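The structure under discussion appears below in the form of structure tokens.
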Amino acid sequence: MDSVFEQYSAAAQMFMSDPSFQQEIRTLRSSKDDGEKAQAGRMIDERVIAFWKSNPAISRIFMIPTDDKGSMITNGEKFGASYVAKARKFDWYTKAIEAKGKEVWMESPLDGFYDIPIDPSIGVAFAMKGTVSSVPQYVLLIEVKLSAIKEKLGQISLGEDSHIVIVNSSNQMIIPEDLSQYGQTASVKLPEQLEYRGVFETTTTTDAQVLAVHSKFAMSDWRMVGTLPVDELLNGADKIKRFTIIVTIIAAGVAALLGFLVVLLIARPLGRLRNLMNEGERGNLMVRMKLKRKDEIGQVALSFNSMMAEITTLVQQTSGSAQEVLQTAAELTASSHKTAGSAKEIAVATEEIAGGATSLAVEAERGNDLTTTIHEQMRKVLDANKQMELAAAQVEKAGQQGSEYMMKLIQKTGMTEEMTREMVGKVDKLRDSTSSIRKILDVLNNLTKQTNILSLNATIEAARAGSAGKGFMVVADEIRKLADQSRQSIDVVAQITDTIQQQIDETVNVLSNAYPLFQEQISSVKESNQIFLTVQGQMGMFAGSMDAVTNAIGTLEQSQIVLAEAMSNVSAVAEQSSATSEEVASLSSEQLNISDGLVQLSARLAEVSSQLKQSLARFQV
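First residue of the sequence shown: 291, per my numbering; consecutive thereafter.
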């Protein structure tokens, strides 16, 4: 019905906006030539009459001027100035001007305009503006016959004995089913709080129980109201009830049959799959689902079997890797113990070297004192020849002891060098073992990643299976947790291995720095031994030529000077050897601490490997 009313509004808008029609109006209002104005007036009348005849539903057309420049134009009727003033007093005339070109619908727009009663109608009014001015020049009124709207309304039916009318905001019928009832109050009272449209149950003025529906028009406050007797709606209720019962019984039977089929084809296989998943959750990885079907349940069973096979392979690989890590940890522990033992032996040998170097320094100091005594005795050589012989014997004896000490020192230094070489070799082997551990850790990392991927796939498959895959999802979650624990253990082992590698590198650097010192110490000890041998030989010659001491005082004095210089050199070498021995002792102590730490790390690696093996032992493969 909104479309019906819109058709009249659109036709009026098109009629008013016609360029030639607008030109005729301008000529009529502004031309000073009476002939042109008369011609324009005739053209306007012809156009209005043509528009009126082309729309049978239109009963009248009025164009009311807003000023005194024009006269009222109709579809053939003639009115004087008094009727123009009379038309301007209607409410719709003022509302049309205020609407500024928008349509204004009203009921019985010409009621009271004529001196005699006229048929009821409805109308639409527009304020017509000129093309060069925004001031309205005419108010166009188009009166529509109620019979035309009633004919359209009669095409609508809500059912047998239904009634449809159009009412205004006061609930008065504008377009009733019987036109003689125009203006009367509708039989159905609308609710006080009206919405745009609504449905409600009520009674008519004749106490009939009806279901009413109302809807507001888009272009005005009018409403279309339809009613349908409730009894009409309830006529087929018994038939519908019987039909509903029959359909319900049939649906219950079909539902029971479908339930039995679901239990047979879905519930039982899913129950078996749930039991197998529970077995897998308890660690039995040998379970398999024997189901030869190609539907979704069969695909789930096949995926379960594939997953259990993959998990079994993964657990076997992980168990083998854990065994290899445990063996490697045992080898690392043995190597660490050997390294600790070697470090202890090196520490003991270094302490002995330090003691020998200290003794050598003491003896060198004593030799220096003896040389000073010889220098003093040389001035009294003639009077103290016997004392000089005694002193020469003591010097020879001290030289022999120094030579013996130096021989021992050379032997111990050689042993220290051999131990240092052996320790360097063992540390290199330990570095190779650490590299092997790294490779094993890489393998374990890859296995952990594969486990995570498999657990993720299993979770996805369980999610697809819905509630039937909850148990399977628990297994997948346990596998993921086991993979996370394995990854954390591997990370701990990797950190421990990195610490071992770093300490081994530090040990290699310390040994590399200590080895040249050992070489220098051996050279110094050999030179000291050669000096002692020279002193011993010279003292022998001194004892053999004691009889010619008096004649060789000058020569002996020179020899005494040489001896003093040699003893100073011996003292310096002894002090340097002592300092080197103390440094080597410090390095040996540090190496011993590193070796102890390496033993502890090896024990930790063995413990972690045992824990991993115990975690895998709960699975049956």
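Using N, Cα and C, we set each Cβ at its ideal position, and we do this for glycine too.
Only a predicted model underlies this, so the values are computations on that prediction, with no experimental measurement involved.
Compare the Cα-Cα distances from residue i to each of the options and report the closest residue.
i, options, result
"Leu731", "Asp781, Tyr695, Lys771", "Asp781"
"Arg487", "Gln471, Val537, Lys506, Glu641", "Lys506"
"Tyr472", "Asn458, Ser293, Met333", "Asn458"
"Ser349", "Pro355, Val338, Leu443", "Val338"
"Glu600", "Leu680, Asp511, Ala766, Ser460", "Ala766"
"Asp405", "Tyr373, Val425, Arg777", "Tyr373"
"Val515", "Thr492, Ser802, Lys379, Leu807", "Thr492"
"Leu823", "Leu431, Ile432, Ala688", "Ala688"
"Asn595", "Thr494, Arg564, Val478, Ser813", "Arg564"
"Val294", "Val414, Lys327, Ala328", "Val414"
"Asp381", "Trp395, Gly370, Leu660, Ala371", "Trp395"
"Glu810", "Ser411, Ile700, Leu318, Val783", "Ile700"
"Thr710", "Ser726, Ala869, Thr662, Ser802", "Ser802"
"Ser625", "Ile530, Ala498, Gly610, Ile790", "Ile790"
"Glu635", "Glu586, Glu708, Glu655", "Glu708"
"Ser411", "Ser423, Gly402, Glu397, Thr787", "Glu397"
"Glu897", "Leu680, Val615, Ala755", "Val615"
"Ala302", "Phe352, Ser757, Gln499, Asn568", "Phe352"
"Gly715", "Ala773, Ser757, Ala784, Asp795", "Asp795"
"Gly370", "Ile354, Ala748, Lys479", "Ile354"
"Asp497", "Val489, Asp511, Trp512, Ser477", "Ser477"
"Ala285", "Leu746, Asn799, Ala377, Arg754", "Residue 285 lies beyond the stretch modelled for the chain, which goes from 291 to 911, so this question has no answer here."
Pull up the distance between the alpha-carbon of residue i and that of residue j, whole angstroms please.
i, j, result
"Thr475", "Asp308", "41 Å"
"Leu400", "His453", "28 Å"
"Asn345", "Ser299", "12 Å"
"Val503", "Leu484", "12 Å"
"His627", "Met763", "47 Å"
"Glu642", "Gln690", "20 Å"
"Gln313", "Ala508", "33 Å"
"Gln607", "Val552", "40 Å"
"Lys584", "Asp521", "57 Å"
"Lys442", "Ile456", "12 Å"
"Leu891", "Lys760", "42 Å"
"Glu296", "Leu431", "15 Å"
"Ile750", "Ile743", "11 Å"
"Glu666", "Ile884", "54 Å"
"Lys359", "Pro426", "12 Å"
"Leu604", "Thr741", "7 Å"
"Gly631", "Val638", "11 Å"
"Gln499", "Pro481", "16 Å"
"Asn859", "Thr797", "34 Å"
"Thr703", "Ala612", "44 Å"
Just verifying my parser: in three-state terms, what is the DSSP assignment at residue i?
i, result
"Gln848", "helix"
"Arg487", "strand"
"Thr703", "helix"
"Gln445", "coil"
"Leu501", "strand"
"Glu865", "helix"
"Thr496", "coil"
"Glu397", "strand"
"Val414", "strand"
"Lys368", "coil"
"Gln607", "helix"
"Ser900", "helix"
"Gln828", "helix"
"Pro407", "coil"
"Thr317", "helix"
"Gln474", "coil"
"Asn574", "strand"
"Lys392", "coil"
I'd like to know whether the C-beta of residue i is nearer than 9 Å to at least one C-beta of chain C.
i, result
"Asp732", "Absent from the structure is chain C; it holds one protein chain and no more."
Which stretch, first to last residue, makes up the beta strand (DSSP E) that contains residue i?
i, result
"Pro426", "426 to 435"
"Ile556", "First-last for Ile556: undefined, no H or E at that position."
"Ser349", "348 to 355"
"Met463", "463 to 465"
The alpha helix (DSSP H) spanning residue i covers which residue range?
i, result
"Trp342", "324 to 343"
"Trp382", "381 to 389"
"Val515", "That residue, Val515, is in no alpha helix (DSSP H); its beta strand (DSSP E) goes 513 to 519."
"Val374", "371 to 377"
"Phe295", "292 to 306"
Inset, instruction - Check whether the segment 415 to 435 touches the segment 388 to 401, taking contact to mean three or more Cβ pairs, one atom from each stretch, closer than 8 Å. - result: yes
Inset, instruction - Evaluate contact between the segment 736 to 745 and the segment 541 to 555, counting only Cβ atoms and requiring at least three cross-stretch pairs below 8 Å. - result: no
Legend entry - At least three beta-carbon pairs within less than 8 Å, the segment 355 to 364 to the segment 433 to 441: no
Legend entry - contact_flag[the segment 578 to 598, the segment 557 to 568] where n(CB pairs < 8 Å) is 3 or more: yes
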